[in-house]
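Chains A and D, in that order, give the protein sequences.
Plus 1 on top of the position in the first sequence (first one is 1) and you've got our numbering.
Counting from 1, position 234 in the second sequence corresponds to residue 214 in our numbering; the numbering is continuous, with no gaps.
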Amino acid sequence: MAAVLVHVDLVGDRPDASSLVALAAGRHVASSWGATLYAAVLVHDPNHANVTSTHDDIAATTMPSVPGLAEAESTLARAGADKVVIAVSRGPIAPLWSAVGNAWRGVVDHLRPRLVLFGADAPSAAELGPRTAARIGARLLLRARASGIDDVELRDRDGGYARIGDGGAAVAMVGRAPAIDAVADDCDVDVVVLAMPGTRDDRIELVTTSPAEIAHASGTVVVLGDDVAGDARVTAAAQRFARMMNAHLVGGAAAVRSGAVSNGAVVDKTTPLAPELCVTIGGAQVDVAGATSVIKIGASASTRVPGVDGVVPGLAEAGITELVKKLEAS
Amino acid sequence: MTDNEATARLTITPGSRIMLWLGNQAPARSIRWLDGALKTAAKFDPNKTGRAIAFAAGGASWLDLVADRARHAGIASAGVTTDLQLDYLGWAQIVAAAARQLGAGTILVDEASRPERWVEVAAIAELLDAAQLTHVVKLAPDKDVIHASRVTGRQLQTVRVRGTAVLGVRIAGAPIDEYPTPMPSTSMQRLQLEMLGVDPLVLGHRSQPPRSHEPKRTVERIAEHLVVHLAPRLGDGAGA
Chain A
2 MAAVLVHVDL
12 VGDRPDASSL
22 VALAAGRHVA
32 SSWGATLYAA
42 VLVHDPNHAN
52 VTSTHDDIAA
62 TTMPSVPGLA
72 EAESTLARAG
82 ADKVVIAVSR
92 GPIAPLWSAV
102 GNAWRGVVDH
112 LRPRLVLFGA
122 DAPSAAELGP
132 RTAARIGARL
142 LLRARASGID
152 DVELRDRDGG
162 YARIGDGGAA
172 VAMVGRAPAI
182 DAVADDCDVD
192 VVVLAMPGTR
202 DDRIELVTTS
212 PAEIAHASGT
222 VVVLGDDVAG
232 DARVTAAAQR
242 FARMMNAHLV
252 GGAAAVRSGA
262 VSNGAVVDKT
272 TPLAPELCVT
282 IGGAQVDVAG
292 ATSVIKIGAS
302 ASTRVPGVDG
312 VVPGLAEAGI
322 TELVKKLEAS
Chain D
-19 MTDNEATARL
-9 TITPGSRIML
1 WLGNQAPARS
11 IRWLDGALKT
21 AAKFDPNKTG
31 RAIAFAAGGA
41 SWLDLVADRA
51 RHAGIASAGV
61 TTDLQLDYLG
71 WAQIVAAAAR
81 QLGAGTILVD
91 EASRPERWVE
101 VAAIAELLDA
111 AQLTHVVKLA
121 PDKDVIHASR
131 VTGRQLQTVR
141 VRGTAVLGVR
151 IAGAPIDEYP
161 TPMPSTSMQR
171 LQLEMLGVDP
181 LVLGHRSQPP
191 RSHEPKRTVE
201 RIAEHLVVHL
211 APRLGDGAGA
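This is the structure:
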């Protein structure tokens, strides 16, 4: 039976929310394809026997002592996993290929999945997703979503897809999935605990972690134009939209004066930004990288901006309000 | 001394060079990030010995731009003229072959200028069995160590890098509004795919048509575009 494998990041002792979206997508796909859905969690227990082991092969082992792991297993079962794989790493877990790549590679080689899923916003996705795809020679889908009822498939915005009849493997970073049917709280799930060989890659050494500046934001940035910063209805809708997108809300001096954005979130038209997505409201002008997807709200219907992915013409207030409604209903 | 001469004079110890992969098309917007990547690569070669080299593939006008901006930054350049349209693994095969040919042990990738480039970091690293680091926003070489800062979510990780590595950089140069149209360059070292040991016919199975880019102009279509960026909510599976 084919395997669908979902990488699940733990944030603290709980499964990451974006990873659970990927697991929901995996449930739909696995049910449609007649595949087994594996949810794999990489963990480290400094007192586990695997830490001092020198074995080169993957072997069943004892359950590690990791706070919250039993609850995480239960969450993954309720989120639709057929089997939960606890992969015990010899080194500490960090969202870097150098830290967990060897352990994760072991999981992939062991299960030989046809489809591997990551939450698009999961902490490890950027480092592990593309490398996994390259390792197994798979097609790579970015910001994919599950669609279909009987024949479920994954699709991304660039025309990439993964379907039941495809030859070869695929790796997808999942951005959206329909909710799954309710699973009983006391549902049973198979748990497999594996000791993973290999250690961290010493060529990359993590030194410190600190909060990133706004200029280095990598997810979604919403930019409020100075021309609409004094309009309470626009700023309220922009703040709501930013919360929905888990985005940074930034703006110019006028936006700070109006209290719409905080002091630390000031950008001007030469501040270099390279987030994955940038949404501008009103006449905001920003200097964004070519890699960024840009949406303009409240621009003139005749606006022609190279490389813009979407324009909502007309008044900013009407545009952002309608967009928020559409997204809430989606 | 031209870049070609500098390249020829350099005694290449395998793995001693720094290569900057700039992709197969010009930046989607400003060349600011291209300049930033070139300036970053130039830090590895302050004496302009040819140790740092920019590498690109694609059409003539794009390669001319690369040669021109690389010359401005003070580093050598090399390019492959090709009209291939490939997926991430296809380009990675060409970059890995070029890295071997040029003796590069550290490969920088300009992640910021085009959306498709960042996923090539991992593919190049896999093919070269190298360490990888994506989303690097600061980088400073220090003898055999590279100090790098990378963004993950809302966190900034500071790391040290040693040995063979592929680093995806998103570092801006100075703001730039206009620049003169580059002239055809003689300074760029011209490479052929066959010279790199890459067969264009074999690469054909990794071909991928370029994506269409017609801006969406209705709220419905834009909501479709944005929905995959929504923060997870109860009922998405996150609350299950």
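Note that the Cβ used here is the ideal one computed from N, Cα and C, for glycine as well.
- For D/VAL178, the closest alpha carbon among the candidates D/SER41, D/GLY39, D/VAL89, D/ALA77 is that of D/ALA77.
- Per the coordinates, the alpha-carbon of A/ILE205 lies some 45 Å from the alpha-carbon of A/VAL235.
- Between the beta-carbon of D/SER165 and that of D/ALA47 there is about 3 Å, and that keeps the pair under the 8 Å contact cut.
- For A/GLU329, no beta strand (DSSP E) run applies; the uninterrupted alpha helix (DSSP H) run containing it begins and ends at 317 to 330, by DSSP.
- The Cβ atoms of A/GLY291 and A/ASP269 lie no closer than 7 Å to each other.
- Rounded to the nearest whole angstrom, the CA to CA distance from D/ALA84 to A/GLY81 is 46 Å.
- Annotated three-state conformation of A/ALA256 is helix, per DSSP.
- Looking at D/ARG97, D/ARG197, D/GLN172, the one whose alpha-carbon comes closest to that of A/GLY315 is D/ARG197.
- Residue burial annotation: D/MET168 is buried, with at least 16 other C-beta atoms found within 10 angstroms of its C-beta.
- For A/THR271, the neighbours in chain D by C-beta distance under 7 Å run, in chain order, PRO155.
- Where D/PRO180 is concerned, the enclosing alpha helix (DSSP H) starts and stops at 180 to 183.
- Inter-residue distance for A/ALA41 and D/VAL146 is about 27 Å (C-alpha atoms, whole angstroms).
- According to the DSSP assignment, D/GLY153 belongs to no alpha helix (DSSP H), since it is labelled neither H nor E.
- Annotated three-state conformation of D/TRP1 is strand, per DSSP.
- Classified as buried, D/GLY59 has 16 or more neighbouring CB atoms from the shown chains inside 10 Å of its CB.
- Taking 7 Å as the CB threshold, D/LEU136 lines the interface with chain A.
- Taking CB atoms only, D/ILE87 has no neighbour in chain A less than 7 Å away.
- Residues of chain D with a Cβ closer than 9 Å to the Cβ of A/ASP310 are, in chain order, HIS193, PRO195, LYS196, ILE202, HIS205.
- Within chain D, no residue has its beta carbon less than 8 Å from that of A/VAL42; the closest one is some 16 Å off.
- Under the DSSP assignment, D/TYR68 falls in the alpha helix (DSSP H) whose first and last residues are 68 to 82.
- By the neighbour-count criterion, in which 16 or more other beta carbons inside 10 Å mark a residue as buried, D/GLU158 falls on the exposed side.
- Under the three-state reduction of DSSP, A/ASP228 is assigned to helix.
- Close CB contacts of A/ALA50 within its chain, under the 8 Å cut and outside five residues either way in sequence, are with THR62, THR63, ALA196 (chain order).
- Around the CB of A/LYS326, fewer than 16 other CB atoms lie within 10 Å, so the residue is classed as exposed.
- For the pair A/LEU207 and A/ASP10, the Cα-to-Cα distance works out to about 18 Å.
- Counting C-beta atoms within 10 angstroms of its own C-beta, D/ASN4 has 16 or more neighbours from the protein chains shown and is therefore classed as buried.
- Scanning the stretch 88 to 125 of chain D from its first residue to its last, the whole beta strand (DSSP E) runs of 3-plus residues come out as 111 to 122.
- For D/GLU158, there is no enclosing alpha helix (DSSP H), as DSSP marks it with neither H nor E.
- In the three-state reduction of the DSSP assignment, A/ALA173 falls in the strand class.
- Neighbours of A/HIS217 in chain D, taken as residues whose beta carbon is under 7 Å from its own, are VAL117, VAL131, LEU136 in chain order.
- When C-beta distances to chain A are compared with 9 Å, the residues of the stretch 48 to 77 of chain D below that value are ASP67, TYR68, LEU69, ALA72, in chain order.
- As a beta-bridge residue in DSSP terms, A/GLU206 pairs with D/ARG140.
- Short of 8 Å from the beta carbon of A/ARG241, and not among the five residues preceding or following it, lie these beta carbons of its own chain, in chain order: VAL325.
- Closer than 7 Å to the CB of D/SER(-4) there is not a single CB belonging to chain A.
- Pairing D/ALA110 with D/TYR68, the inter-Cα distance amounts to about 17 Å.
- Against chain D, the beta carbon of A/LEU324 has neighbours under 7 Å at VAL199, ILE202, ALA203, listed in chain order.
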